[in-house]
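*Asks:* Sending over a structure as structure tokens; questions will come in a sec.
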Amino acid sequence: MAAAQEERSPSLDDCLKLLKGERDEQRLAGLLLVTKFCKNDDIVSLKKVYEAVGTHFLDRLFRTGTGSGDGVDNRDVYLQLSVTVLAALCRVPEIASSVDMVSRIPLILEIMSKGITTNMLEDCYELLYLVSTASEDGVMTLINSGGLRVIAPQMSDLPDGSHAMEVAIKILQLLVSKLSGESMNIECFLELSLVVAAVARQFAVLHNALKFEALHLLSAVFSSEYSALLHEPLRSMPDNNWADYMRTGIVAILQNRVAPSEKFHALILAENMMSILGEKWLIGGVKLPNVDLPADRCLLLVLESSHVEISVLLNDLAYKKYEAPKNNSTAEDILLKQRYLPIMFSLVEKIIKYISSAGENEGTLTDEAVFQKVIKILNETVGAVLEYLRDAKEHGIKKGNDLLASVRVIGSYLAETPVACKEQVQDVLDYMLSVEGEDESSPFLSTCFLLPMLCQITMKAEGCKLLAYSRGDIAVVECLIKLIERSAESVDEDGSVFLACDTIMNILLKREQISLMSEIYTFSSLLKALAYWADRSNDHSVVMTAASICSLIFDFTSEDALLKQPNFNSSSMDSLARLITRSLSSCGQDMSDTADLLEIITAGYSRWIDRFPTIMKHPFEQ
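Residue numbers for the sequence shown, in my numbering: 5 to 626.
Here's what the structure looks like:
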């Protein structure tokens, strides 16, 4: 007798017949068969299944599984089957975006929060991802239903590199892109900090495509409008391993051959980590199993990569601005690169800050060779920025936030090493002092950024000559006047005010050596500002600093000459007389910290008092 025919495998048609059956048992059997087709993205077949079973039966099955329908047996089985089938059907965009599917999001989140099997959790994530990506209503419903609150605490429990982790990361990428600062509260930031910590681990331990998805999610979080509000929750994390995971992941990206865009994302993370935990985060061993990372590896990689990025960005910007054909795409590309540049500059500034205080920090650079390598890279980076500014100078461009940011990073470096790149600095100093930000009506911030360097170089006559030759003395005077005006609203300006004062005093003390051409109009405005500054202050150092500068200015002018200035009157002269009187009243008192300033005032008094009758008539106590 012939062998029995092999049993025929169920087909899609068999499945559809069961789904259209009159009894629930038939439909359930049909749905079980559907799971055989779920693994294939056969949109046509899935549409036929959805049409055959109908939404009413799917709803009843789902409610039964969640405990809100008739019957009590095998609820877990019904729920698993229901979620698996719904997740499969959502591969059809029209089904995923339907009102029925969107309305199930709150229930899916409720199921996830109760503790379910790994398989069911994966199906829940799959369903949420497909529904939320299919329509705006889907993602907003996920946000408004507390999707972040449910998903965030689960992240640390998901297996490394699992499908559930992959889909969860994709969901969070979508949520982060839609969240706004106004809609978030402290709970949201705490939840996001949990996400950052969990995803940082994936970023460190994985070596596949999911590593880059983790990188993109972390970069999106730290590039968001609300990222600064995450800093404190992250600093307060009880487990600091997340910071080591971040360093490990960043190093892996920067030391391997990956696309430049991926390295840029890694540098965004590095910049934020230093903002959160301080520059010292760059240095130190990693306390993670199976990770051997030299203490200075992260510092060198971040600095080298920043140098490369800055050089490329500046070259591209210069070409796009001055040589490329002008069109809309060029303008958009310029704006994009101008947004990237401050991030790279911020990294370099933070490294400069760290290196400058290396002797004060624990766990700092001890290898002289590494230290010299860092200095070499910083010199090359600053040289590239100076070249970019020289290019802008030649093209007559003085306004731009990219130019202002360039001056700032140069100022940060020259504050620590004033003689670095000396010839290049001399070539563009006058230009740097003329640079304006997009929102400025005249140069101000550029001078502020350079004040630490200017204060140091003007301690010598050579530096004073350079500054005077660049008309930098006028720039500093105008900057000081603005700083004094602003100091009435903010004490944060005080440091810059004193730097500007010291710079001007250095120049005035060497006035004869450098043949300073004094502009009486500008200095008359400064005299008024200094009197105003001292009038509002009870700080003895403010009074003495202001009076000493006034005394040095009086050496080359007179009361009559000042009163001829349109911005100066007898009231202004009275204010100056009060200032000089206050400063001289400290004679005979123990004011050792301002003794040198008092000497400048008293020595000057004998030279110019005959030309200032108002001050001469003003009594003071000795």
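Glycine included, C-beta positions come from ideal geometry on N, C-alpha and C.
1) If contact is defined by three or more beta carbon pairs under 8 Å, each pair taking one atom from either stretch, is the stretch 342-350 in contact with the stretch 311-323?
2) By DSSP, does E229 sit in helix, in strand, or in coil?
3) Within a Cβ cutoff of 7 Å, which residues of the same chain sit near K267, ignoring the five residues on either side of it in sequence?
4) Suppose the cutoff is 7 Å on Cβ atoms and the five residues either side in sequence are ignored; what does the same chain contact list for D506 look like?
5) Can you check whether the CB of L23 is closer than 9 Å to the CB of V57?
6) When the distance is taken between beta carbons, is L83 closer than 9 Å to T652?
7) Would N121 be called buried (16 or more neighbouring beta carbons within 10 Å of its own) or exposed?
8) Going by beta carbon distance, what residues of the same chain come within less than 6 Å of S149, once the five residues before and after it are set aside?
9) With a 10 Å radius around its C-beta and 16 neighbouring C-beta atoms as the bar for buried, classify Q206 as buried or exposed.
10) Can you tell me whether S445 is buried or exposed? The criterion is at least 16 other CB atoms within 10 Å of its CB, across all chains shown.
11) Where S227 and A247 are concerned, what is the direct C-alpha to C-alpha distance, given to the nearest angstrom?
12) Going by the CB atoms, is the gap between C468 and I414 shorter than 9 Å?
13) Please go through the same chain and pick out, in chain order, the residues whose beta-carbon is closer than 8 Å to the beta-carbon of A299, but skip the five residues on each side of it.
14) Among C483, A599, T145, L85, which one has its Cα closest to the Cα of L32?
15) Less than 8 Å between C-beta atoms, sequence neighbours within five positions excluded: which residues of the same chain meet that for D371?
16) Can you round the beta-carbon distance between A91 and E130 to whole angstroms, since I take them to be within the 8 Å contact cut?
17) Please identify the residue among F560, A202, A535, I524 whose C-alpha is closest to the C-alpha of M241.
18) Kindly confirm or deny that the stretch 93-109 and the stretch 129-147 touch, where touching means at least three C-beta pairs closer than 8 Å.
19) So what does DSSP say about G367, is it helix, strand or coil?
20) Have a look at A213, S528, L407, L382 and flag the residue whose alpha-carbon is nearest the alpha-carbon of R394.
21) Of all the options H622, P617, I584, which has the alpha carbon lying nearest to the alpha carbon of A607?
22) Residue range of the alpha helix (DSSP H) that C505 falls in?
23) Alpha carbon to alpha carbon, how far is E283 from T59? Give it in angstroms, no decimals.
24) State the Cα-Cα distance for the pair Y358 and L307, rounded to the nearest angstrom.
25) Please report the straight-line C-alpha distance between Y609 and L531, rounded to a whole angstrom.
26) Who are the Cβ neighbours of V199 in its own chain at under 7 Å, not counting the five residues just before and after it?
27) In whole angstroms, what is the alpha-carbon distance linking S575 and L304?
28) Return the residue from the list V180, T598, D18 that minimises the CA-CA distance to I147.
29) Let me confirm a value: S587 is counted as buried when at least 16 other C-beta atoms fall within 10 Å, else exposed. Which label applies?
30) Using a threshold of 9 Å, state whether the C-beta atoms of A551 and I485 are closer than that.
31) Assuming T451 and V429 form a contact by the criterion Cβ under 8 Å, report the distance between their Cβ atoms to the nearest whole angstrom.
32) Tell me which same chain residues have a C-beta within less than 7 Å of the C-beta of L178, skipping the five on either side of it?
33) Can the beta-carbon of R239 be found less than 9 Å from the beta-carbon of W285?
34) State the CB to CB distance for the pair I508 and I553, rounded to an integer number of angstroms; the pair is presumed to be in contact (CB under 8 Å).
35) Using a Cβ-Cβ cutoff of less than 7 Å, which residues in the same chain neighbour I356 once the five nearest sequence positions on both sides are dropped?
36) Going by DSSP in three states, K215 sits in which element: helix, strand or coil?
*Replies:* Taking the coordinates as given:
1) yes
2) coil
3) I257, L258, S309
4) C459
5) yes
6) There is no way to answer for residue 652, as the model of the chain reaches only from 5 to 626.
7) According to the sequence displayed, residue 121 carries Thr and not Asn. By the 10 Å Cβ count, T121 comes out exposed.
8) I109, P110, L113
9) buried
10) exposed
11) 18 Å
12) no
13) I287, G288, G289, G367
14) L85
15) D300
16) 4 Å
17) A202
18) yes
19) Only weak support is given to the placement of G367: the predicted model assigns it a pLDDT of 49, under 50, and the question is left unresolved by the model.
20) L407
21) I584
22) 498-513
23) 57 Å
24) 12 Å
25) 16 Å
26) A156, M159, L176
27) 59 Å
28) V180
29) buried
30) no
31) 15 Å between Cβ atoms; not a contact.
32) S136, T137, V143
33) no
34) 6 Å
35) L382, S416, Y417, E420
36) helix
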